[in-house]
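Here the structure is laid out as structure tokens; the discussion comes afterwards.
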Amino acid sequence: MGKADIGTKDFLKVSEIFAELFNMAVFQGDDGIGPEDLVELDSIADTVLNLAEGQLKFVERARDVRKLARMGMWFRIILGAEGQTDIHYYMPVQNMGYDVIDYETQCKKIRAQAIADGIAFNPVSRVPKGTKILPVITLVFYVGEKPWDGPRQLYDMFDIPEDRKEWAKRYIPDYPLHILDARHLTDEQIELCSDDLKAFFCMIREEYDEEKLKGYVAKFRETEYNIGDIIFARMGMPLL
2 MGKADIGTKD FLKVSEIFAE LFNMAVFQGD DGIGPEDLVE LDSIADTVLN LAEGQLKFVE
62 RARDVRKLAR MGMWFRIILG AEGQTDIHYY MPVQNMGYDV IDYETQCKKI RAQAIADGIA
122 FNPVSRVPKG TKILPVITLV FYVGEKPWDG PRQLYDMFDI PEDRKEWAKR YIPDYPLHIL
182 DARHLTDEQI ELCSDDLKAF FCMIREEYDE EKLKGYVAKF RETEYNIGDI IFARMGMPLL
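Here our numbering is used: the first residue of the sequence shown is 2, the next is one more, and so on.
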């Protein structure tokens, strides 16, 4: 993992930044979240897959950032953030894999707890009847130089003739992405952000004006959000 990738991951870990990005790119003015609503989760999720030979394979996936969010008094949701420095041309499939493993991991824990509590259930279903799991939402935080031209939903990847697309929508589930293309936001979008995010978005938009960029970093150094690692690593410039 390069310095820019590490910097992006560390940037996303900051609860204030994480909450604001989700409010901006996912909830968009709906009931949002604050940093006080977030609890850090282990970024490693795992599951077990059945192979054709009858063997079991343990699969482990590491998300960049994974947090539990409180949405009101009783509602909880798992939020994952994936930092991208390059365009990923099968991002919907990759994110589906992360989300599926999050759901599988929840079911495994419920199954283990039911066994420990002596609760009987059908071994075919592997969890007790009425099992409930937490929803999962993933945000792609893209900081690459080119505007995102990759797929924004699973439908963008399907090989479907034009005259069959409406038919397909009736029967084939879609999987849309939540993407924030950080370098290509409008001035109006940036103005709605907190000062820390304004500084970040302005700096990556002004990346070719080195003196102005250095001034931004010096001015906002106290934010401690690894902004320099993200920007300078991609530009080949020395850190201040």
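Ideal Cβ positions, reconstructed from N, Cα and C, are used throughout, including at glycine.
Please read these numbers as outputs of a predicted model, since none were measured by experiment.
Expressed to the nearest angstrom, what Euclidean distance is found between the alpha-carbon atoms of A121 and G98? As a first step, residue 121 must be located in the sequence shown, where it is residue number 120. As a first step, residue 98 must be located in the sequence shown, where it is residue number 97. Their backbone Cα atoms lie some 30 Å apart in a straight line.
With contact counted as at least three CB pairs below 8 Å, one residue from each stretch, are the region 133 to 144 and the region 66 to 86 in contact? yes
Three-way DSSP call (helix, strand, coil) for I173 in this model: In the sequence shown, residue 173 corresponds to position 172, counting from 1. Coil at I173, not helix or strand.
Our contact map puts I161 next to A169 with C-beta atoms below 8 Å; I'd like the distance itself, whole angstroms only. Indexing the sequence shown from 1 puts residue 161 at position 160. Indexing the sequence shown from 1 puts residue 169 at position 168. Right, the Cβ-Cβ distance comes to about 5 Å (below 8 Å), so this counts as a contact.
Taking the runs of the alpha helix (DSSP H) that are 4 residues or longer, which of them lie wholly in the region 67 to 139? For the region 67 to 139, whole alpha helix (DSSP H) runs of length 4 or above, ordered along the chain, are 92 to 117.
Rounded separation between C194 and Q85 - CA only: The residue given as residue 194 occupies position 193 in the sequence shown. The residue given as residue 85 occupies position 84 in the sequence shown. Roughly 20 Å between the two C-alpha positions.
Between E21 and the rest of its own chain, which residues show a CB-CB distance below 8 Å, the 5 nearest in sequence each way excluded? For the purposes of this step, residue 21 is taken as the residue at position 20 of the sequence shown. Within the same chain, E21 has close Cβ partners C194, S195 and L198.
Pull up the distance between the alpha-carbon of Y209 and that of I34, whole angstroms please. Locating residue 209 in the sequence shown gives position 208, where the first residue counts as 1. Locating residue 34 in the sequence shown gives position 33, where the first residue counts as 1. Reliability of the predicted coordinates at Y209 is poor, the pLDDT of 47 falling under 50, and no value is obtained from them.
In this structure, how does DSSP classify V27 when only helix, strand and coil are distinguished? Looking up residue 27 in the sequence shown gives position 26. If DSSP states are grouped into helix, strand and coil, V27 belongs with the helices.
Please name the residue, chosen from A113, I18, M92 and D43, that lies closest to K68 on a Cα-to-Cα basis. In the sequence shown, counting from the first residue as 1, residue 68 sits at position 67. Ranking A113, I18, M92 and D43 by Cα distance to K68 puts D43 first.
Coil, strand or helix - D182 by DSSP: Here residue 182 refers to the residue found at position 181 when the sequence shown is read from its first residue. D182 falls in the strand class under three-state DSSP.
Meets three-Cβ-pair contact criterion under 8 Å: the region 182 to 189 and the region 142 to 158: yes
Does the beta-carbon of G151 have 16 or more other beta-carbons within 10 angstroms, so that it is buried, or is it exposed? Within the sequence shown, numbered from 1, the residue matching residue 151 stands at position 150. Burial call: buried.
Indicate the three-state DSSP secondary structure (helix, strand or coil) for L193 in the structure shown. Position 192 of the sequence shown, counted from the first residue, corresponds to residue 193. L193: coil per DSSP, three-state reduction.
At the level of alpha carbons, what is the spacing between P177 and V101? Here residue 177 is taken as the residue at index 176 of the sequence shown, counted from 1. Here residue 101 is taken as the residue at index 100 of the sequence shown, counted from 1. Computed Cα separation, rounded: 15 Å.
Three-state secondary structure (DSSP) at L42? Taking the sequence shown and counting its residues from 1, one reaches residue 42 at position 41. Coil.
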